[in-house]
Amino acid sequence: MRMWGDSVTELLVASGTILNEILIWKLAPQNLGSSLLHSYEGDNEIIHLGDNQYMTVHLGRLKEHEGSIFRIAWSSDGSKFMSVSDDRSARLWMLSFKSQSFVSQTASQDSVEIIPKLTLFGHSARIWDCYVSDSIVITAGEDCSCCIWGMDGKLIKMFKEHIGRGIWRCLFDPSSLLLVTAGFDSAIKVHHLCNSIFHDKGEDKLVSDGLNYDSEIFVVSSPSVLGRCGPLDSKSEYVRCLHFAEENVLYVATNNGYLHHAELSNIEDVRWTEIIQVTEKAPIICMDVMPMYSNLSLNREDVIALGDGRGNVTIVRLASGSIEPKMNLSFTWPAEKDRQLLGVYWCKSLECSHIFTADPRGVLKLWNIRDALFSSADVINAPQKCSLVAVFESSFGARIMCLDASPREEILIAGDKKGNITAFPFPKILVLYDSCVMQQKILPCDRFKGAHGISSVTSVHIKGSTSDHIEIHTTGGDGCICFFKYGRNVQKIEFFGMRQVKELGTIQSIYTNLAPESQLSTYAIGFTSADFIIWDLENETKMAQVSCGGWRRPYSYYLGTVPEYQNCFAFVKDHDIHIHRHWAPTQDRKLLPQVLQLQFHGREVHSLCFIDPASYSNLENSSDLLIATGCEDGTVRLTGLLTGSSGRWRSSKLLGEHIGGSAVRATCFIPRTYTITDKSHNYSLNDISDNIVVENKDKTFLLISVGSKQVLTTWILQPRIENGQVCLNGLDADSKQSSKNLESGDLTMSFQWLTTHMPPKIARNRLKAGHIKQSSEEGNSSIVQPNLGVMDHMENDWRYLSVTAFLLKHPVLRLTVCFVVVACSDATVVLRALLLPSRLWFDVALLVPQASPVLVLRHIIINASHYKDDAGDRYLIVSGSTDGSITFWNLTETVHGFMQLISETQPHMSIDCQMRPRTGRGSQGGRRRWRSLANHSLKKRDGDISPPDGSNLSTPYAAENSSETSGVDNTQNVVHEGSDVSNSEIPSSTQSCEIPELRPIQLLSSVHQSGVNCLHISYSTPDKSYCIISGGDDQAVQCFIFTVGSLENRSTTTTRLNSHDNGILKILYQHKVPSAHSAAVKGIWTDGTWAFSTGLDQRVRCWKIGSSGKFTEYSHAIISVPEPETLDVFQDRAKTNYQIAVAGRGMQMVEFSQPEDD
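Here the sequence shown is numbered in the working numbering, starting from 17 and rising by one per residue.
This is the structure in structure tokens:
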């Protein structure tokens, strides 16, 4: 319902119903009621307002919509209103009055007619909100788009910058042209609509002078191309290359070898100057421009490099003149054979003294042109000698598309047309002023295949360096920004992060605004389909969009110090050069914040976990908390919370997205690393190589996320790089204004993508859970009957439901192994191992039998001090299933056996483990390779093996590309690789190539009447006991306290929880609250003293656990998160305050303080 009017007598009311109708009313004085009753039919009611009596008059009932009415908006003068509906349409209605002042006339004069004027279709989902004025209409819908329409029904502009389930509200201020939108993703975004949008719309007259934008769209044509039309051949004249030198200067190169200079200061009178025509009228294939400033003056000179079809390079040195530019110098030399010169590249670190040329076969040549460029020759076009300094030859044989060199770091990084990057040594002596080096052929020192899949690498930047590595940023045609480290000591390229910009199909480059007076900003420049787009990476907003026909046309762009107000783009279409220039002076220009409220997930959050502050800050001084969340849309975010009096969200950063956007179902943070201490195994010291890639950090902190499509992604904690230009996997979503006001608005750490595990993309048969048979009565062997109902793995959408993990450090090798247990929807539970830092995945064991899918997993690590023997720590897994049972597995022998196998075979030494996430076109990075761990160990020991690609053995290779898996049966060297098993010689201890099966040591049945949705374990130091508390679909909360007996030589024991003699588990106390919540319990946590639970009843309940294990409700809070899915709790160091995070359709924090008298 929406009302319009400044007084009771002017009041108009419009109401929408779920019956697809719009009802219109007004108020009229009672003394006019008799005549009004004759004029309008319907129910009328007398209303007393003060001393006056008014009667409601029903003016009309509108039935044109075919769905429920969601929103109605009145125009400022009340002459029209807008309605939006479930039918995805927006309708504009006019109120036609017979009198000019309808609301103030007597009954005899009153008459109104409601006329449908406009119907708008264009949204792909329901429309939630709208705005209407005299000149424009704005609609916002569930498809996350906000559309601006003209009064003629034509779409003027569309914004689509929110994510998730749509935009809920929009607000527009016509005086400042500010449009504000808010959506399900929690973001509130500001759009400043420039006047060019409203040409001929009448709205621009309302804009204040202070916010007037200078936007120009015009078309120019090169003099040599002017008037040409029709079909083209090899000798036709047309534009081949464009390059902006500044906002008013454009260089144009043509097919007949002409270079033109266009002065664009006055668009009514564009001044063209022909600079040069290359020899033999050869077509200009490539062009690059480098600005140069004289030491004696600040006058700018442009040095233009031209490469033509004859293989010649022409250098032109051009100075700006008062009337026209002046050519100071030009010279030409042959660089390649005919039609072999495809690229000329300046490098900022080398300035204008050296230039690179590229051919089709991946060969780069470095030329020294210092003497020629700064020659004092008076004769223009005089031949000059340019010396070839070095030849860099890529092993991929693909054309080099971009490069960056750093003489200080002595490295050259090149990206090619097929998505690969190559590192070359770049000695300083090559570019020293007084160097007289002879021509050298330089071979690559390392390479990374498929850095951008099979899409071209479009830009390479060497960003910064530390004592042991150099940071490299690349962009590509797959729409990704990738981050690499080049290790100085090991001379290897390592992938460590990526950001995929979904709004861009291809990213051409990254622009960083380093203006001292403005906030640091980064922008991605690229294309989506046929549109050129400038995308603000910090605020997730679109700065500019131009329909140009795509990146294959000649184009050029130029950005000023404030790209929001200063950007230019030119492209060629039908022989004409189309220029879009938006350039406004920045003096006294205040940048408006792009985001007023930080962006969060746009869909339901299924999992969250606190990041232990001890892993990234000083606990005593830390006032903020970090929460990792996984969402239905496949994204993982890191959100910061300021605790204490402020108690507000500080920032929300996108870490990354699961492959294919698969929903994230569970997350797990690993806060500490254990050292394996089993003295019964003699870990081998043989063949330990010094070339192992070793992490420098003493501690490793990992975040594991799992979800649909059986995607398992690992993230590693890294300190934030100071003064970094682009955040690794996502930028803070704070507005510029907010980040400026908050000194600590930036997170001091971040998680970087480490590795992703997926099942191999080949048909693989799985056993249905119902066909897994129990073992024989002796319990010594597991007999699996033939599966009569075989399911093709590729035809089913299996998903991981839960995950738990722990880190073990090898006592001898400089390796860390992350053991990950995942539960799948096909009722399987698998133990996998991740070798760090080589990032190799192995299937270690299958936890069977499991008749029902497991919904929750937890692990217990029992310290060796609990036992009298020297067998080391024990590792247990606890699971809760859909049948209400809780199961225990002992992984101790399996874990020790795997560590022994790694010690003997060292697979990380012979398997290439270069990798990057599989996203975009061809991003798997090449052909799959299937390997055997045992075979690799044998070949490595023979000392005569190298990878097929010829790279160094210690170079990492993508585990998800080769899909290496292995299994370990206690101490046996058991290896299993997907579906391929090699027939080569296997170590004598190997009996089988099947993944070993582990049977549970304890099964507690009927703990809940239905699924165990959540489970948490705490440890009590004094009595060395464990407390397990669980919640289920039966609305009950169950708690039992137990100790663990001997784990040796135990067969499966199945008991009910109320039996105290459970063999392995000695249950001390137990208690159950049957109706703890009035709906299913979805999240639970305990520290042994206090417990917190949440359920679908939108309650967070606090329970006090007594010494006898009995727990009672202490308090509860009503939360505003609909459909809660998960809960996690952070306990401060003093154990007096608890921060409770609940997530579902949103996320909310609740703080609980322990009573002082407790």
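For each residue, glycine too, the CB sits at the ideal point set by N, CA and C.
Once the 5 residues before and after residue i are set aside, which same chain residues still bring their CB inside 8 Å of it?
{"i": "Q507", "result": "A439, C461, D462"}
{"i": "I143", "result": "F86, R87, V100, S101, R104, S105, A106, T155, A156, G157, E158"}
{"i": "P1171", "result": "none"}
Which residues in the same chain have their Cβ closer than 6 Å to the Cβ of residue i, if we skip the five residues on either side of it in sequence?
{"i": "S572", "result": "L258, H259, F260, A586"}
{"i": "E409", "result": "V379"}
{"i": "M17", "result": "S31"}
{"i": "S272", "result": "First, the residue type needs correcting, since residue 272 is Asn and not Ser in the sequence shown. Cβ neighbours of N272 beyond the five flanking positions: E253, K297."}
{"i": "L1112", "result": "A1095, A1096"}
{"i": "T987", "result": "Residue placement at T987 is flagged as unreliable, the pLDDT there being 32, under the threshold of 50; the coordinate-derived value follows with that caveat. Cβ within range, chain order: G913, Q916."}
{"i": "K170", "result": "none"}
{"i": "G1104", "result": "S1034, S1036, C1043"}
{"i": "K433", "result": "A414, R415, M417, S472"}
{"i": "S895", "result": "V870, L873, T903"}
{"i": "W288", "result": "P239, H276, A278"}
{"i": "L345", "result": "R333"}
{"i": "P775", "result": "Q726"}
{"i": "S140", "result": "D159"}
Using CA atoms only, rank isn't needed, just tell me which of the options is closest to residue i.
{"i": "I732", "options": "R815, F616, R855", "result": "R855"}
{"i": "N583", "options": "W665, E82, E232", "result": "E232"}
{"i": "E510", "options": "P1171, D628, S483, E487", "result": "E487"}
{"i": "I549", "options": "N555, Y690, G566", "result": "G566"}
{"i": "E580", "options": "I458, D552, R569", "result": "D552"}
{"i": "R666", "options": "S140, D889, M1165", "result": "M1165"}
{"i": "T72", "options": "A44, G323, A89, F347", "result": "A44"}
{"i": "D304", "options": "C245, S678, I339, H370", "result": "H370"}
{"i": "E201", "options": "G1160, D1173, S1169, F1168", "result": "In the sequence as displayed, the identity of residue 201 is Asp instead of Glu. Checked all of G1160, D1173, S1169, F1168; the closest Cα to D201 is G1160."}
{"i": "L334", "options": "L389, Q356, A198, I385", "result": "L389"}
{"i": "T898", "options": "S1022, K79, I1011, W288", "result": "S1022"}
{"i": "P629", "options": "V24, L27, D1148", "result": "D1148"}
{"i": "V828", "options": "L852, S881, I692, P441", "result": "I692"}
{"i": "I878", "options": "I179, V447, T1059", "result": "T1059"}
{"i": "H826", "options": "V845, L851, D145", "result": "L851"}
{"i": "Q613", "options": "W20, C496, S668, E1010", "result": "S668"}
{"i": "M931", "options": "S391, M514, S95, L280", "result": "M514"}
Identify the continuous alpha helix (DSSP H) that holds residue i and give its terminal residues.
{"i": "H277", "result": "That residue, H277, is in no alpha helix (DSSP H); its beta strand (DSSP E) goes 274 to 279."}
{"i": "D387", "result": "386 to 389"}
{"i": "E920", "result": "908 to 921"}
If you follow the beta strand (DSSP E) that residue i is in, where does it begin and where does it stop?
{"i": "H477", "result": "473 to 481"}
{"i": "K444", "result": "Neither: K444 is in no beta strand (DSSP E) and is coded neither H nor E."}
{"i": "R875", "result": "The sequence shown places His at residue 875, rather than the Arg named in the question. 870 to 878 is the extent of the beta strand (DSSP E) around H875."}
{"i": "E232", "result": "231 to 236"}
{"i": "T301", "result": "Here the sequence assigns Ile to residue 301, which means Thr is not the residue at that position. From DSSP, the beta strand (DSSP E) with I301 extends over 300 to 309."}
{"i": "P132", "result": "128 to 137"}
{"i": "W567", "result": "Segment: none, W567 is in no beta strand (DSSP E) and carries neither H nor E."}
Cutting at 7 Å between CB atoms, please list the residues of its own chain near residue i, excluding the five before and the five after it.
{"i": "D394", "result": "Here D394 scores only 47 on pLDDT, less than 50, and its place in the model is too uncertain to base an answer on."}
{"i": "D420", "result": "C363, I429, V476, H477, I478"}
{"i": "I1134", "result": "Q1114, R1115"}
{"i": "L404", "result": "K381, W383, Q455"}
{"i": "S365", "result": "A421, S422, P423"}
Closer than 8 Å to a non-hydrogen atom of the ligand MN - does that hold for the CB of residue i?
{"i": "L770", "result": "With respect to the ligand MN, the structure offers nothing, as it holds no ligand at all."}
Quick check: the segment 911 to 920 against the segment 1086 to 1098, are there 3 or more CB pairs under 8 Å? Verdict: no, contact absent.
Can at least three beta-carbon pairs, one atom from the segment 315 to 325 and one from the segment 266 to 275, be found at a separation below 8 Å? yes
Taking only runs of the beta strand (DSSP E) that begin and end inside the segment 321 to 379, which ones reach a length of at least 3 residues, in chain order? 328 to 335, 342 to 350, 359 to 363, 367 to 374
Measuring CB atoms only, is the segment 674 to 685 touching the segment 719 to 730, in the sense that at least three cross pairs come out at less than 8 Å? yes
Entirely enclosed beta strand (DSSP E) segments - the segment 485 to 550, minimum 3 residues: 485 to 492, 496 to 503, 509 to 516, 522 to 529, 537 to 544
Sequence ranges, beta strand (DSSP E) only - wholly within the segment 810 to 865, length at least 3: Fully enclosed beta strand (DSSP E) runs of 3 or longer: 816 to 825, 832 to 840, 845 to 852, 856 to 863.
For the segment 639 to 658 against the segment 233 to 242, do three or more pairs of beta-carbon atoms, one drawn from each stretch, fall closer than 8 Å, so that the two count as touching? no
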